[in-house]
């Protein structure tokens, strides 16, 4: 399980994001493609539509299969919540330093990594070592997979997310942050000041005022 520990200051800064994260949704779709699970609420209509589309096509995530585990943590560089669109997110990913890539993938001899690659591929090792060719492959496959697989359904994903956002905003207005965190998902448990999420990983995160404070609606 994952446990998020909130301070009073962090709780005061909890918000509902304005839109789904294109890069995160792309990474989570790869996880679904691999038969894994996503930590989140009930399945959205857009996800059912995506599953149907996948039966008719053969998406090619390429090297993304080497980066996205079936369960557990996603590398931080595949989550760019400040990006306004996919192009911006892609620029941020490709600008990530080799040191940070290695840290996020759990391949650096440094404590604090969040990756969960039990058997990293040779390509993942090359990416963590700063290989320009590996970085180009990541950029190429991210763009190609998003364009072919996620972008066609993005209007539906966004519509689902906006509907979910309206529900969360109403809960926030009616019952404050406590009501919002209590009703995020049937599988999430809020016992102040700890939010517990089901996961095959075991991890405790202590949220300060400047982090862990935005719920992002999505299709998962």
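Residue numbers (the numbering used here): -16 to 203.
Glycine residues also receive a C-beta, built at the ideal position from the N, C-alpha and C atoms.
Note that the structure is predicted; figures quoted are calculated from it, not measured.
Check residue 179 in the structure and name its three-state DSSP category.
Translated into the one-based positions of the chain shown, residue 179 becomes position 196. Judged by DSSP in its simplified three-state form, residue 179 adopts strand.
Out of 78, 165 and 140, state which residue places its alpha-carbon closest to the alpha-carbon of residue 11.
Stepping through the chain shown from its first residue, residue 11 is reached at position 28. Shortest Cα-Cα distance from residue 11 to any of 78, 165 and 140 involves 140.
Keeping to the same chain, check which residues put their C-beta closer than 8 Å to that of residue 118; ignore five residues upstream and five downstream.
Working through the chain shown from its first residue, we reach residue 118 at position 135. 77 and 110, listed in sequence order.
On the three-state DSSP scale, how would you describe residue 97?
Counting from one through the chain shown, the residue named residue 97 turns up at place 114. Bear in mind that a pLDDT of 48 at residue 97, under 50, signals an unreliable position, so the model cannot answer this.
Are the Cβ atoms of residue 181 and residue -11 separated by less than 8 Å?
Residue 181 sits at position 198 when you count from the first residue of the chain shown. Residue -11 sits at position 6 when you count from the first residue of the chain shown. The answer is no: Cβ separation not under 8 Å.
Have a look at 188, -2, 13 and 1 and flag the residue whose alpha-carbon is nearest the alpha-carbon of residue 127.
As a position in the chain shown, residue 127 is number 144, starting the count at 1. Minimum Cα distance to residue 127 is reached at 13.
Since residue 46 and residue 124 are thought to touch, with beta carbons under 8 Å apart, how far apart are those beta carbons, to the nearest angstrom?
Here the question's residue 46 lines up with position 63 in the chain shown. Here the question's residue 124 lines up with position 141 in the chain shown. At roughly 5 Å, the Cβ-Cβ gap stays under 8 Å, so residue 46 and residue 124 are in contact.
Suppose contacts are defined by Cβ-Cβ distances below 8 Å. Is residue 60 in contact with residue 79 by that definition?
For this step, residue 60 is matched to residue 77 along the chain shown. For this step, residue 79 is matched to residue 96 along the chain shown. Annotated as proximal: residue 60 and residue 79, with beta-carbon spacing under 8 Å.
Mapping the DSSP letters down to three states, classify residue 208 as helix, strand or coil.
Not covered by the structure: residue 208. The range shown for the chain is -16 to 203.
Near residue 170, which residues of its chain fall below 6 Å by C-beta distance, leaving aside the five closest residues on each side in sequence?
As a first step, residue 170 is located in the chain shown; it is residue number 187 there, counting from the start. Its chain contains 181 as the residues whose beta carbon lies nearer than 6 Å to that of residue 170, once the 5 sequence neighbours on both sides are disregarded; these appear in chain order.
When you compare only the Cα positions, how much space is there between residue 103 and residue 73?
Taking the first residue of the chain shown as position 1, residue 103 is located at position 120. Taking the first residue of the chain shown as position 1, residue 73 is located at position 90. For the pair residue 103 and residue 73, the Cα-to-Cα distance works out to about 22 Å.
Indicate the three-state DSSP secondary structure (helix, strand or coil) for residue 151 in the structure shown.
For the purposes of this step, residue 151 is taken as residue 168 along the chain shown, with counting starting at 1. For residue 151, the secondary structure class from DSSP, reduced to helix, strand or coil, is helix.
Regarding residue 75 and the ligand NAP, is the C-beta to nearest heavy atom distance less than 7 Å?
For the structure depicted, the ligand NAP is absent and the ligand set is empty, with no information on it obtainable.
When burial is assigned at 16 or more other CB atoms within 10 Å of the CB, is residue 1 buried or exposed?
Your numbering for residue 1 matches position 18 in the chain shown. Exposed is the label assigned to residue 1, since fewer than 16 other Cβ atoms lie within 10 Å of its Cβ.
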